[in-house]
Every structure is written in C-alpha cells, then in structure tokens.
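Asker: Residue numbers (my numbering): 5 to 90. The structure's right below; bear with me while I get my questions together.
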C-alpha cells in the first residue's frame with residue numbers, strides 16, 4: 005500500500021513537472037487625445053497626449069507599465085498681408 009501511494013505521489017510530481025511550462029499573459033491599453041487651438045493671430049497650438057497602461061503576468065510575478073507622452077507643437081500663421089499698390 006505504501007508503495008502505491010509513493011508511486012502516485014511520484015507520478016503526480018512528474019506530471020506537475022512536465023506541465024509546469026512557462027506561461028505568460030500581457031494586456032495593454034492605449035489612449036491618445038489630440039487637441040488643437042488657433043488664436044486670433046492665426047497661431048495654432050496642437051497637443052497630443054498618449055497614455056499606455058500595461059500589465060504582464062509571468063512566472064516572475066506581475067509587472068505593470070504606465071507611460072505617458074505629451075507632445076506640444078506650435079505653428080505661427082505664415083500668411084502675409086499684402087497692400088494693394090493701386
């Protein structure tokens with residue numbers, strides 16, 4: 005009887021060892037918001053904010069990521085007013 009129990013425990017340990025392959029799971033979500041505003045002088049400011057949130061679970065534990073980028077560009081109005089010479 006003890007040999008059967010020992011054999012079952014050994015078999016279970018072998019199955020556990022064979023099935024303990026590396027498993028990981030990764031999930032990410034990205035949000036991007038762009039706003040643009042033009043002032044009275046025709047100068048345009050554009051702002052883009054991107055946020056990426058991620059979570060990864062593997063054999064080393066649970067890892068999180070939260071990255072935000074903020075890009076701002078400004079462009080002046082490049083049109084020129086020309087007076088009529090006539």
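The beta-carbon is built from N, C-alpha and C at its ideal position, and this holds for glycine as well. Since we're looking at a predicted model, the values are computed, not measured.
Counting Cβ pairs closer than 8 Å, one from the segment 38–57 and one from the segment 11–19, do we hit at least three?
Answerer: The answer is no - the segment 11–19 does not touch the segment 38–57, with fewer than three Cβ pairs under 8 Å.
Asker: Work out the CA separation of residue 39 and residue 79 for me, nearest whole Å.
Answerer: Each residue's Cα considered, the two are about 14 Å apart.
Asker: Let's see if you can read the secondary structure: which residues bound the beta strand (DSSP E) around residue 78?
Answerer: Looking at the DSSP string, the run of the beta strand (DSSP E) that includes residue 78 is 65–79.
Asker: Determine the direct distance from the alpha carbon of residue 63 to that of residue 42, and round the result to whole angstroms.
Answerer: Cα to Cα, residue 42 sits roughly 51 Å from residue 63.
Asker: With a cut-off of 8 Å on the beta carbons, I'd call residue 34 and residue 54 a contact; round off their distance for me.
Answerer: With 8 Å as the limit, residue 34 and residue 54 qualify as a contact, their Cβ atoms being about 7 Å apart.
Asker: Cα separation between residue 32 and residue 56?
Answerer: Spanning the two alpha carbons is a distance of roughly 7 Å.
Asker: Per DSSP, what kind of secondary structure is residue 15 in: helix, strand or coil?
Answerer: Looking at residue 15 - three-state DSSP - the assignment turns out to be helix.
Asker: Using the C-alpha atoms, what's the distance from residue 58 back to residue 73?
Answerer: Cα to Cα, the separation comes out at about 15 Å.
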